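Residue numbers (the working numbering): 445 to 989.
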């Protein structure tokens with residue numbers, strides 16, 4: 445029986461080749477993003493062999509953007525967003541103006557029209573959601589001041605791009621029409637009304653309905669139904685925001701996540717979306733690589749270099765100067781500027797619209813794609829160099845807010861994870877007046893651990909720097925209470941390398957996990973099912989006696 449395998453082929457080829465190239469990049473000690481982009485070029489239309497469906501790949505990538513922004517919203521409260529409005533709003537707008545001016549200059553130098561040059565410059569001014577968030581999440585910086593400024597800056601850029609996407613057809617689609625100016629003002633008014641209407645709807649209606657729905661599903665006891673509800677809310681709100689209010693998918697998903705982030709189920713919702721979020725984020729980078737035509741590097745090397753320079757240097761210098769002008773230190777300014785030194789999904793949409801309106805030449809679209817690919821490739825490298833420089837000059841702020849890092853103590857026990865199991869362990873240890881240091885990456889869990897009397901380090905326990913910050917090199921015991929066996933194995937291996945004399949007690953859910961943790965260096969592994977079975981059998985024997 446014949447089947448239409450376009451979608452399946454695109455997913456299989458995209459993820460399969462991305463895995464191979466990502467593994468190669470990891471082996472070469474470079475960012476896996478470079479491998480994912482190379483995978484896109486390999487399965488794209490400009491290289492020989494299998495060609496995946498570019499249109500389908502872009503739609504699949506959009507799902508990744510939705511899920512990623514939803515996850516960020518879960519950890520990004522309205523209070524955090526408002527706390528950076530004084531720098532994010534004027535900073536983002538001024539940076540867009542500077543980047544657009546630089547792009548216009550290059551376009552005019554290449555002989556394009558003023559309108560085409562303006563669209564080109566605007567496309568170079570907006571950063572990629574996926575790249576920025578991946579960079580911040582990889583370094584546990586989303587919830588720091590630097591991360592809040594960068595994400596707030598990105599949201600303002602998205603809002604400006606939403607406005608531009610609506611106004612461009614009104615401006616250039618009505619050229620020669622006497623009612624063009626009136627139509628432009630009318631379009632601007634409609635956009636403003638829709639954006640205000642969307643925000644009002646989310647905070648007046650959705651803020652009451654969505655948490656109630658999620659709590660109702662959680663009380664049903666079905667994990668499958670809860671996962672389905674989370675995905676339906678994330679994708680449904682994003683799609684509704686785009687169709688009804690004409691705002692971006694990413695912005696709609698962010699607001700949905702931010703509303704659910706105020707509930708007690710936010711952590712569970714984040715965990716349920718994580719696997720799909722990672723998979724579709726990979727497809728985003730593959731889709732970017734598929735759009736890239738390597739011939740442009742040979743045919744127009746000068747304009748390509750100039751485009752990349754505007755994105756990586758021009759935008760960064762403007763953002764750095766603006767952040768410093770608002771009174772922040774150079775560490776924060778460097779972090780924000782390098783976060784924004786790339787372009788992505790909105791740039792592609794603007795380029796496509798400009799070409800469709802016959803305002804931007806196709807050469808401009810090719811330069812935007814080349815600039816996107818090269819800036820995304822450069823961004824992880826630049827981010828690493830900037831972080832090393834900041835640490836070297838001792839300008840970087842503490843890795844978490846000041847209140848998140850209490851005075852160091854001489855606790856001999858380090859606990860990783862303060863969830864259902866970890867909170868019981870912490871309560872017993874702190875209740876006896878013993879010193880305890882907890883490593884936790886969720887603010888609500890960290891607050892509970894601090895309230896119990898523990899010293900709290902907010903960060904990713906799989907990273908050696910976080911383990912050392914918790915004092916693992918001098919601790920006597922490490923308790924690993926997280927349920928993820930793969931992450932626990934990585935922690936055990938790094939902890940054993942830091943402190944060979946450390947007593948490591950870990951948690952497992954299967955015989956395979958027990959064997960793996962012991963092989964990696966754990967001294968004791970507690971398997972919950974075995975302990976439960978032993979206690980139940982013990983109780984049964986007492987009743988029989």
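For every residue, glycine included, the Cβ atom is placed at its ideal position computed from N, Cα and C.
These figures come from a predicted structure and were not determined experimentally.
- The Cβ atoms of residue 970 and residue 949 sit closer than 8 Å to each other.
- DSSP, read as helix, strand or coil, puts residue 559 in helix.
- When 639, 640, 615 and 642 are compared, the shortest CA-CA separation from residue 629 is found for 615.
- Setting aside the 5 residues that flank it on each side, residue 798 is surrounded in the same chain by 560, 563, 564, 567, 612, 804, 808 and 809, each with a C-beta closer than 8 Å to its C-beta; the list follows chain order.
- Each residue's CA atom was taken as its position, placing residue 957 and residue 974 some 13 Å apart.
- DSSP, reduced to helix, strand and coil, places residue 803 outside both helices and strands of the structure shown, so it counts as coil.
- Bridge partners of residue 470 according to DSSP: none are assigned.
- Annotation for residue 931: the continuous alpha helix (DSSP H) segment containing it runs 929–942.
- Here DSSP, grouped into helix, strand and coil, assigns residue 971 to strand.
- Sequence-distant Cβ neighbours of residue 714 in its own chain, meaning closer than 6 Å and more than five residues away, are 515 and 518.
- In the DSSP assignment, residue 948 falls within the unbroken beta strand (DSSP E) covering 947–952.
- Taking C-beta separations shorter than 6 Å and ignoring five residues to either side along the sequence, the partners of residue 813 in its chain run 735 and 736, following chain order.
- By the CB criterion at 8 Å, residue 763 and residue 780 fall inside the cutoff.
- Under the three-state reduction of DSSP output, residue 860 falls in the strand class.
- For the pair residue 830 and residue 778, the CB atoms are nearer than the 8 Å cut-off.
- Taking residue 771 as reference, the option from 634, 917, 532 and 511 with the minimal CA-CA separation is 532.
- Assigned with DSSP and collapsed to three states, residue 709 falls in coil, not helix or strand.
- Distances from the CA of residue 635 to each of 476, 826, 932 and 605 were compared; the closest alpha carbon is that of 605.
- Of all alpha-carbon atoms in 589, 677, 585 and 962, the one lying nearest the alpha-carbon of residue 929 is that of 962.
- Excluding five sequence positions before and after residue 869, the CB atoms of its chain that fall closer than 7 Å to its own CB belong to 859, 923 and 925, given in chain order.
- For residue 880, the enclosing beta strand (DSSP E) stretches over residues 880–884.
- Residues 670, 709 and 712 of the same chain have their beta carbon placed closer than 8 Å to that of residue 662, with the five preceding and five following residues left out of the count.
- When only Cα atoms are considered, residue 500 and residue 494 end up about 15 Å apart.
- According to DSSP, residue pairing for residue 649 in a beta bridge does not occur.
- Residue 465 counts as buried, since no fewer than 16 other beta carbons sit within 10 angstroms of its beta carbon.
- Spanning the alpha carbons of residue 939 and residue 968 requires a straight line of approximately 14 Å.
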